[in-house]
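Engineer:
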Amino acid sequence: MPTRHLTDAQRQGFARFDGEPSADQLARYFHLDQTDRDLIGTLRGDHNRLGFAVMLTSARFLGAFPVSPAEIPASVLAAVIEQLALEPGTDVDAYFAGSRRIRHLARLCCKDWRQSEVGCRSAPIRRLLRNGG
0 MPTRHLTDAQ
10 RQGFARFDGE
20 PSADQLARYF
30 HLDQTDRDLI
40 GTLRGDHNRL
50 GFAVMLTSAR
60 FLGAFPVSPA
70 EIPASVLAAV
80 IEQLALEPGT
90 DVDAYFAGSR
100 RIRHLARLCC
110 KDWRQSEVGC
120 RSAPIRRLLR
130 NGG
């Protein structure tokens, strides 16, 4: 999406969380259905499952992936941790520090999202993957 017409403040806030999502937004965008859980269940390590689920649900809500764990509201983490039955202290920082996230981005953008393994057809996602996040 062209952003030349946006102010600097608007550009910085684009596709980012603007505070905590409401309870309705959490229920609508951050709910993990059985298909999501099956996909997440194939991953090893709680931090990978949490990180992948946060990326998946954030993309639904924002239309983009968070680039750092500091951007993710506490209520989003809590909602995802609860649904995955993870320990409350499960750390998402390790997920963002590792390289697995880049592979997961490809998996997310090319699998629906779950329909095609041909490759990413989205130029912004291809750029994001090529540039390493």
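No gaps in the numbering here: position 85 of the sequence shown is 84 in numbering that gives the first Met the number 0, and each next residue is one more.
Even glycine gets a Cβ: it sits at the ideal position worked out from N, Cα and C.
Can the beta-carbon of L25 be found closer than 8 Å to that of V53?
Structural biologist: No.
Engineer: Leaving out the 5 sequence neighbours to the left and right, which residues in its chain are closer than 8 Å to T20 when beta-carbon positions are compared?
Structural biologist: The sequence given here places Pro at residue 20; Thr does not occur at that position. Contacts found: Y28, F29, F60, P72, S74 and V75.
Engineer: Take T89 and list the residues in its own chain whose beta-carbon comes closer than 7 Å to its own, dropping the five residues that flank it on each side.
Structural biologist: Closer than 7 Å at Cβ, skipping near neighbours: D45, H46, L49 and I80.
Engineer: Alpha carbon to alpha carbon, how far is S98 from L31? Give it in angstroms, no decimals.
Structural biologist: Approximately 24 Å, taken between the alpha carbons.
Engineer: Quick check on this structure: which residue in Q33, L55, D23 and R36 has the alpha carbon closest to the alpha carbon of R106?
Structural biologist: Ranking Q33, L55, D23 and R36 by Cα distance to R106 puts L55 first.
Engineer: Would you give the residue range spanned by the alpha helix (DSSP H) that H4 belongs to?
Structural biologist: Here H4 belongs to no alpha helix (DSSP H), and DSSP marks it neither H nor E.
Engineer: Alpha helix (DSSP H) containing T41: first to last residue?
Structural biologist: Here T41 belongs to no alpha helix (DSSP H), and DSSP marks it neither H nor E.
Engineer: The alpha helix (DSSP H) with S74 in it runs from where to where?
Structural biologist: That run of the alpha helix (DSSP H) goes A73 to Q82.
Engineer: Considering only the alpha carbon of each residue, which of T6, D92, L38 and I101 lies closest to S67?
Structural biologist: Answer by Cα proximity: D92.
Engineer: Does DSSP put F51 in a helix, a strand or coil?
Structural biologist: It is helical.
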